[in-house]
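Just below is one structure, and these are the notes that go with it.
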Amino acid sequence: MDAVRTRVGSRWSDAVKRLVTEFRSFDRPSKLLMVNQFTINVGFYMLMPYLAGYLAGPLGLAGWAIGLVLGVRNFSQQGMFLVGGTLADRFGYKPLIVAGCVLRTAGFLLLGLVDSLPTLVIASAATGFAGALFNPAVRAYLAADAGERRVEAFALFNVFYQGGILIGPLVGLALTAVDFRLTCLVAAAVFAVLTILQVRALPRRASTEERRSVLSDWRTVMTNRPFLLFALVMIGSNVLSFQVYLAFPLQAKAIAGSETAATALVTALFVVSGVLAIAGQLRITAWARRRWQPGRCLVIGMGLLTAAFLPPMLATHSAAALVLAVVFLTLGTVVVYPFEMDTIVRLSGNRLVATHYGFYNTVVGVGIMLGNLFAGTVFDLARDAGMPEAPWAGLAVIGLCCAFGLYLLDRRRTLVTEPVAA
Numbered sequence: 001m002d003a004v005r006t007r008v009g010s011r012w013s014d015a016v017k018r019l020v021t022e023f024r025s026f027d028r029p030s031k032l033l034m035v036n037q038f039t040i041n042v043g044f045y046m047l048m049p050y051l052a053g054y055l056a057g058p059l060g061l062a063g064w065a066i067g068l069v070l071g072v073r074n075f076s077q078q079g080m081f082l083v084g085g086t087l088a089d090r091f092g093y094k095p096l097i098v099a100g101c102v103l104r105t106a107g108f109l110l111l112g113l114v115d116s117l118p119t120l121v122i123a124s125a126a127t128g129f130a131g132a133l134f135n136p137a138v139r140a141y142l143a144a145d146a147g148e149r150r151v152e153a154f155a156l157f158n159v160f161y162q163g164g165i166l167i168g169p170l171v172g173l174a175l176t177a178v179d180f181r182l183t184c185l186v187a188a189a190v191f192a193v194l195t196i197l198q199v200r201a202l203p204r205r206a207s208t209e210e211r212r213s214v215l216s217d218w219r220t221v222m223t224n225r226p227f228l229l230f231a232l233v234m235i236g237s238n239v240l241s242f243q244v245y246l247a248f249p250l251q252a253k254a255i256a257g258s259e260t261a262a263t264a265l266v267t268a269l270f271v272v273s274g275v276l277a278i279a280g281q282l283r284i285t286a287w288a289r290r291r292w293q294p295g296r297c298l299v300i301g302m303g304l305l306t307a308a309f310l311p312p313m314l315a316t317h318s319a320a321a322l323v324l325a326v327v328f329l330t331l332g333t334v335v336v337y338p339f340e341m342d343t344i345v346r347l348s349g350n351r352l353v354a355t356h357y358g359f360y361n362t363v364v365g366v367g368i369m370l371g372n373l374f375a376g377t378v379f380d381l382a383r384d385a386g387m388p389e390a391p392w393a394g395l396a397v398i399g400l401c402c403a404f405g406l407y408l409l410d411r412r413r414t415l416v417t418e419p420v421a422a
């Protein structure tokens with residue numbers, strides 16, 4: 001046992017050293033953007049996992065009202081990514097990042113101070129639209145600053161991203177145990193500090209885009225056929241990755257029996273996913289780059305995502321199968337993410353990069369919404385029909401279709417070229 005602990009500790013130490021070395025190798029803007037994303041996720045995830053419980057408990061809102069508040073937040077972010085990306089390309093990345101942080105500060109502050117439904121809807125819309133403002137800008141800025149090291153930059157970016165997801169809920173759990181309003185105020189304070197940091201330390205990156213009409217920019221993106229094909233195929237990848245928030249918690253509840261045991265199992269799944277992503281992202285990305293081209297990496301990553309749904313399909317009442325599924329899902333996401341972000345830049349031809357990111361996230365967001373509707377419906381039907389393996393089989397089929405689509409795009413070299421946008 002001591003030998004195992006020593007080996008695990010040594011590997012974790014090596015991963016941390018590699019992370020620090022890689023982090024130091026980037027320029028100041030890239031390093032700042034990575035730290036910013038970690039802080040953004042800590043502030044966001046310390047609050048959002050507990051919002052529904054607060055709305056239902058202390059505020060006593062009806063189910064439809066809770067759904068409205070959460071739905072408005074999701075739509076104001078996913079539905080407005082294209083707007084945020086377009087504004088970033090026209091006015092620069094830094095102003096949009098700062099504006100998003102200011103708006104999220106105000107939104108979280110409102111959530112902690114108000115209790116009427118109309119005001120809660122406004123606050124929820126503000127927090128969502130804030131994400132639509134800064135997310136495309138952050139990714140486009142990072143891609144521009146990293147240059148030829150985009151893949152490495154996005155791999156490291158994902159480590160900070162996952163770190164925030166891992167730590168945020170733990171901080172929020174401690175604060176919410178005192179009062180959810182305190183959680184809101186602390187989250188607002190985090191974004192207020194982040195706003196000041198952006199203003200003072202983030203260099204402004206001037207836009208090199210030729211000023212044209214918004215409709216002309218959107219037409220450029222929407223007539224970029226390789227990019228559109230890639231975005232449509234990658235809906236499946238993102239639907240599968242999202243199941244850590246939907247299918248896996250539902251299965252954990254079915255396995256555990258009690259609410260307490262289900263919560264413990266879900267927490268364990270998130271910890272496994274977060275630790276694996278943080279410890280393995282850089283090493284796995286470097287290993288994959290040495291062996292395959294980006295298109296092949298995407299296909300292989302998609303295969304891992306698909307494989308994640310086989311253990312729970314074969315052993316539907318096994319907690320171990322669910323943990324194994326999370327391991328495969330995390331590995332697949334770790335392989336796919338940096339090459340996915342890099343491919344968007346290449347297919348944009350390095351033109352209107354933030355707008356391409358915004359449109360991509362909007363397409364994927366709509367796909368995730370429809371995919372979750374499908375998954376939730378199939379879970380209900382399968383439970384009633386006594387066929388618990390059916391949802392997992394359906395998700396695996398989605399993965400196979402996505403992997404085949406990526407294989408065709410890669411084989412036709414659609415993902416290799418960098419077309420110049422018209």
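Using UniProt numbering, read the sequence shown as starting at 1 and increasing by one per residue. Ideal Cβ positions, reconstructed from N, Cα and C, are used throughout, including at glycine.
(request) Enumerate, from N- to C-terminal direction, the unbroken alpha helix (DSSP H) stretches of 4 or more residues contained entirely within the segment 74-108. (result) Counting only unbroken stretches of 4 or more residues, the alpha helix (DSSP H) elements lying wholly within the segment 74-108 are 81-91, in sequence order.
(message) Once the 5 residues before and after ARG296 are set aside, which same chain residues still bring their CB inside 7 Å of it?
(response) ASP410
(message) Taking the straight line between their C-alpha atoms, what separation do you get for ASN36 and MET48?
(response) 18 Å
(message) Check whether chain B comes within 8 Å of VAL323, counting only Cβ atoms and requiring the distance to be less than that.
(response) Any reference to chain B falls outside this structure, which holds one protein chain only.
(request) Evaluate the contact criterion for the segment 358-370 versus the segment 150-166: three or more CB pairs, one atom per stretch, below 8 Å. (result) With a cut-off of 8 Å, the segment 150-166 and the segment 358-370 do not count as touching, because too few Cβ pairs lie within range.
(request) Mind checking which residues open and close the alpha helix (DSSP H) that includes GLU148? (result) No alpha helix (DSSP H) contains GLU148, which DSSP labels as neither H nor E.
(request) Could you have a look at THR362 and say whether DSSP puts it in helix, strand or coil? (result) helix
(message) Just to confirm my understanding: we take ALA321, look at its own chain, exclude 5 residues before and 5 after, and list those with CB closer than 8 Å. What are they?
(response) PRO311, PRO312, LEU314 and ALA315
(request) Report yes if the C-beta distance between VAL345 and ARG219 is below 8 Å; otherwise report no. (result) Cβ distance not < 8 Å, so VAL345 and ARG219 don't count as in contact.
(request) Express the C-alpha separation of PRO136 and LEU246 in angstroms, rounding to a whole number. (result) 25 Å
(request) Have a look at GLY386 and ALA268 and give me their C-alpha separation to the nearest angstrom. (result) 27 Å
(message) Judging by CA-CA distance, which residue of VAL336, ALA62 and VAL98 is the nearest neighbour of GLN293?
(response) VAL336
(request) Using beta-carbon positions only, say whether ILE97 and GLN251 come within less than 8 Å of one another. (result) no
(message) Restricting to Cα atoms, I'd like to know which of CYS101, GLY100 and VAL121 is closest to LEU110.
(response) VAL121
(request) Please report how far the alpha carbon of VAL186 lies from the alpha carbon of SER216, in whole angstroms. (result) 42 Å
(message) Please report the straight-line C-alpha distance between ALA421 and ARG212, rounded to a whole angstrom.
(response) At ALA421, the pLDDT of 41 sits below 50, so the modelled position is not reliable and the matter cannot be decided from this model.
(request) To the nearest angstrom, report how far apart GLU152 and LEU170 are at their CA atoms. (result) GLU152 and LEU170: Cα-Cα distance of roughly 28 Å.
(request) Under 7 Å Cβ to Cβ from THR414, same chain only, skipping five residues before and after it: list those, please. (result) PRO226 and LEU229
(message) Taking 7 Å as the limit between beta carbons, can you name the residues of its chain near ARG139, skipping five residues before and five after?
(response) Close CB contacts of ARG139 within its chain, under the 7 Å cut and outside five residues either way in sequence, are with MET341 and TYR357 (chain order).
(request) Could you tell me the distance, in whole angstroms, from the CA atom of GLY147 to the CA atom of VAL42? (result) 27 Å
(request) Counting only the same chain and skipping the five closest in sequence on each side, list residues whose C-beta sits under 6 Å from that of VAL102. (result) THR195
(request) Could you check what DSSP says for VAL323 in three-state terms: helix, strand or coil? (result) helix
(request) In the DSSP assignment, find the unbroken alpha helix (DSSP H) run with TRP218 in it and report its ends. (result) 214-222
(message) Let's test the definition: count the other Cβ atoms within 10 Å of the Cβ of LEU203 and tell me whether it reaches 16, buried, or not, exposed.
(response) As written in the sequence, residue 203 is Pro, which differs from the Leu given in the question. So PRO203 ends up on the exposed side.
(message) For a test of the three-state rule: what should DSSP assign to HIS356, helix, strand or coil?
(response) helix
(message) Just verifying my parser: in three-state terms, what is the DSSP assignment at GLU389?
(response) In this structure, GLU389 counts as coil in the three-state DSSP scheme.
(message) One question on the structure: do THR223 and MET46 come within less than 8 Å of each other, judged by their Cβ atoms?
(response) no
(request) Note down the Cα distance separating TYR141 from ARG28, rounded to an integer number of angstroms. (result) 12 Å
(request) Return the residue from the list THR127, VAL378, GLY84 and ASP384 that minimises the CA-CA distance to PHE134. (result) Ranking the options by Cα distance to PHE134, first place goes to GLY84.
(message) Would SER89 and LEU352 qualify as a contact pair, given that the criterion is a beta-carbon distance under 8 Å?
(response) The residue you asked about is not Ser; residue 89 is Asp in the sequence shown. Contact flag set, yes.
(message) Less than 7 Å between C-beta atoms, sequence neighbours within five positions excluded: which residues of the same chain meet that for THR105?
(response) ALA188, PHE191, ALA192 and THR195
(request) Return the chain-ordered list of same chain residues with a C-beta closer than 6 Å to the C-beta of PRO419, the five sequence neighbours on each side being excluded. (result) Caution is warranted here: a pLDDT of 46 is assigned to PRO419, below 50, making its placement in the model unreliable, and the coordinate value is therefore given only provisionally. So the list reads GLY349, once near-sequence residues are dropped.
(request) Could you pull the start and end residues of the alpha helix (DSSP H) that SER237 belongs to? (result) 225-242
(request) Would you mind reading off the limits of the alpha helix (DSSP H) that contains VAL35? (result) 28-45
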